[in-house]
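Asks: If you read the sequence shown in the working numbering, its first letter stands for residue 67, the second for the next number, and so on. Virtual Cβ for every residue (Gly too), placed ideally from N, Cα, C. Following this message is one structure expressed as structure tokens.
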Amino acid sequence: MKKEQVAVREGVIRLGQFLKLAGVVDTGGEAKARIQEGEAKVNGEVETRRGRQLAPGDLVEFGGVALEVVLRAGD
Numbered sequence: 067m068k069k070e071q072v073a074v075r076e077g078v079i080r081l082g083q084f085l086k087l088a089g090v091v092d093t094g095g096e097a098k099a100r101i102q103e104g105e106a107k108v109n110g111e112v113e114t115r116r117g118r119q120l121a122p123g124d125l126v127e128f129g130g131v132a133l134e135v136v137l138r139a140g141d
């Protein structure tokens, strides 16, 4: 599985917002539907809540890609 780091400006971000930031979904509606269908995993466990809070160090698996939450340098 391909692994990428996605830098966030603040310490926490919601799962749906994170997927949009990472560019793996185009809209919040798409994120909501795909998360509710069980397509996202957070730290190895299926997550169906788009409002799940993510913090630096969390690993999101979605669409065959592993996305690591990292804090943007300087923030």
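Mind checking which residues open and close the beta strand (DSSP E) that includes Ala132?
Replies: Val131 to Leu137
Asks: Could you name the residues of the same chain whose beta carbon sits closer than 8 Å to that of Val72, not counting the 5 residues immediately before and after it, in chain order?
Replies: Phe84, Leu87, Ala88, Leu133, Glu134, Val135 and Val136
Asks: Quick one: measure Cβ to Cβ for Arg75 and Arg118, integer angstroms, because I've assumed they're closer than 8 Å.
Replies: Not confirmed; about 18 Å, so no contact.
Asks: Taking all protein chains shown into account, decide if Ala106 is buried (16 or more other Cβ within 10 angstroms of its Cβ) or exposed.
Replies: Flag for Ala106 reads buried.
Asks: Looking at Gly77 and Ala97, is the spacing between their C-beta atoms short of 8 Å?
Replies: no
Asks: What did DSSP end up calling Arg116 once you bin it into helix, strand or coil?
Replies: coil
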